[in-house]
Structure formats: structure tokens, C-alpha cells
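Visitor:
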Amino acid sequence: MNKSLIFGLLLLGLLIITAITAPYLPFVDASMKEHVMKKKADGGFELPPFPPSKDYPIGSDPKGRDLLSKVLLGTKDTLLTVLGIVLIRYLLAIPLGLSSFYFKSMRYFLLLWNRLFSYMPPIFFVVFIVGLPFIVFSSNRALWYIFIIAIVDVGRVAELFYSTMLDVSKRPYVEAGIVSGCTSWSMLRRYYWPPLQPHIFIQFFSDIGKVIFLLGQLGVVSYFISVEFVSQLGGSYEALNTSNIWPVFFNRILDHIWSHPWYPLTGAAAIGISIFAFSMVSSGLQEYFDRKHKRFRGVDL
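Quick note: the sequence shown uses the UniProt record's numbering, first residue 1, plus one each step.
1) How many angstroms separate the CA atom of LEU67 from the CA atom of ILE6?
2) In three-state terms, what does DSSP make of SER53?
3) In angstroms with no decimal places, state the Cα-to-Cα distance between LEU218 and ILE85.
4) In whole angstroms, what is the alpha-carbon distance linking ILE273 and ARG115?
5) If you follow the alpha helix (DSSP H) that GLY8 is part of, which residue opens it and which one closes it?
6) Please check the pair MET165 and LEU196, which I expect to be a contact at CB under 8 angstroms, by giving their CB distance rounded to whole angstroms.
7) Could you please give the first and the last residue of the uninterrupted alpha helix (DSSP H) stretch that includes residue 310?
8) With DSSP collapsed to three states, give me the class of LYS63.
9) Given this structure, state the Cα-to-Cα distance separating LEU79 from LEU160, to the nearest angstrom.
10) If distances are taken between C-alpha atoms only, which option among LYS210, LEU25, SER222, TYR162 comes closest to TRP193?
11) Using the rule of at least 16 other Cβ atoms within 10 Å of the residue's Cβ for burial, across every protein chain shown, is MET280 buried or exposed?
12) Does chain B have any CB closer than 8 angstroms to the CB of MET165?
13) Is the number of C-beta pairs between the segment 200-208 and the segment 276-292 that are closer than 8 angstroms three or more?
14) Decide if the segment 63-77 is in contact with the segment 30-41; the criterion is three or more beta carbon pairs, one per stretch, under 8 angstroms apart.
15) Beta carbon of residue 307, beta carbon of GLY267: below 8 angstroms?
16) For ILE257, collect the residues of the same chain with a Cβ closer than 6 angstroms to its Cβ; drop the 5 residues on either side in sequence, then sort them by chain order.
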């Protein structure tokens, strides 16, 4: 029994069900109503964030909105954002990896891409590029944000597919196809693509977890996909997040971790569970394809 895959799919299914049904659950405040203050039992008043209570099962955010409602409603935005990023990454990485195997010029391009983006962690490149003025103030900031996060790791993913094809090309049955006179397209379709597919599925789910973690890191440094600029008393403008995406829980984390720990810990729990779910699915798929290929083809992934 593939326990990793089963458990991972159960968690993933729970996340998807939550994303779909959250606005309709009776205990979820879909309007995300703000409360500037709350009356205490002793007759006084307190300002948000409110601690966990009967009205706020896991507390509230700094604007007095129910935190449980916020994290459940944010599931859909978070999953769609991450899925969009990874889909764009793979739509670019798969052709790049395949073409690098067939064309020397594309191989040089891939090497250059990897050298450019491999010296520092992805967060540094994302922060640097997203922080450029024409992106910060662009009306399509969200699209820029998603695209930039996607392309930063395109080279790494493409390199994985190139290495897989290089490994497959050394196997005896591939040499038989070459001797029989198969065209490049036939070789790709019959010999390279079948063993490449498992790697695509395994890495796809693994990358979703990595992107969620990266978004969490960006939340710590207050880089969000959807923002609006609000004028401050001193004449400056502050970029405020306008979505319920989970990384918002890490905004000003140093201000909240000691005084209102339930706020960042809720975001950490949501992100941690989702990363764990996708990691388990990836690990389960690895185990599944290992068994399948060893049983039917004698091929080890």
C-alpha cells in the first residue's frame, strides 16, 4: 500500500474541498467584516487583533476580521496562485529541456540561464525584479509577479528534464530505435516521452510545495501579489495587501509573533499543512512509478 500517496491525496482533497466550499460554510464570514474594537466582559474595550475566543475561534487579524474565515477563504486564492505559477514554469521548462537535448544552441542558453539564477536563492531575484518601479506601479502587477516567480526556476526544472533525457538516451532500447531508423519525433514520442512523464508529475507536485514556501518567504518581507497604495500622513504611500493569500499572515511578523502569536502561527500552520500535502503526493508518486517501472520495464527512476 502506497501510504504516502493515499495520505497526500486525502490532504490535497481536503484543501480543494475547503477552497470550493469555504464561502458557503455557516461559520465562515464571507464578507470579512472589519471590527475596530470589541467590548470586554468587564465593560472595557480592546482593539484588534483579538485573541481566540467564542466569537473568534483562532483569533482575528489586525483589522478585526475573523482569522478562521480569512484562512479558509484564502485557500482558493493561494492554491490558484501557486498552480498558475507552476503551470507557467512547466510550460516553459518542458520545451526548454527537450530542445536543449536536441539543439546545442539551446543547451548553451539553458546553461547561461542556470548560471544567472543559481548563485543566490530565488527569493533574492524575485525581490529584486518585482521591486523595479515599472512593475511595482504596473496595473498588471499580479501577472508580473506570477510570471517572474515562474521563470526564476525555469532553468532548474528544464535541467532536470534534460538530464533525464540524457540518461534515457544511454539505454539499450533507445539505441535499438536509432538503429531501426526512427525519426527524432518518433524517438521522442516512443522512447523519451514515456519515461519522462513520471518525472514531470513528481517534480510538478514537489514544485508546488516549493512555491508555497517561497510565497511565505516573500510575505515576511511584505511582497504581495495584489496591493493598493494608501496615502500616509507624512505624504508617502504604503503598499497594502488586498488579497487573502496566506503569506499575508507573515506581514510584520516581528510585531505580531510576541504580542499576537496566533496570527503568524495560523499562516505557518496553513502553509505547513499544504507543503506537507504536496510533498507526500510527490513522494507517493515517486514510490508508485518506481514500483511500476521496476515491475514492467526494469527501469529505475
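Virtual Cβ for every residue (Gly too), placed ideally from N, Cα, C.
Guide: According to the structure shown:
1) Their backbone Cα atoms lie some 30 angstroms apart in a straight line.
2) In the structure shown, SER53 adopts coil according to DSSP, grouped into three states.
3) 14 angstroms
4) 33 angstroms
5) Note, GLY8: alpha helix (DSSP H), 3-21.
6) 7 angstroms
7) Look at the range of the chain in this structure, 1 to 301, and you will see that residue 310 is not part of it.
8) coil
9) 24 angstroms
10) Minimum Cα distance to TRP193 is reached at TYR162.
11) Taking a 10 Å sphere around the C-beta of MET280, we find 16 or more other C-beta atoms and assign the residue as buried.
12) This model lacks chain B altogether; it includes just one protein chain.
13) yes
14) Because the criterion of three Cβ pairs below 8 angstroms is met, the segment 63-77 and the segment 30-41 touch.
15) Missing from the structure shown is residue 307; the chain here goes from 1 to 301 and no further.
16) Hits under 6 angstroms: PRO264.
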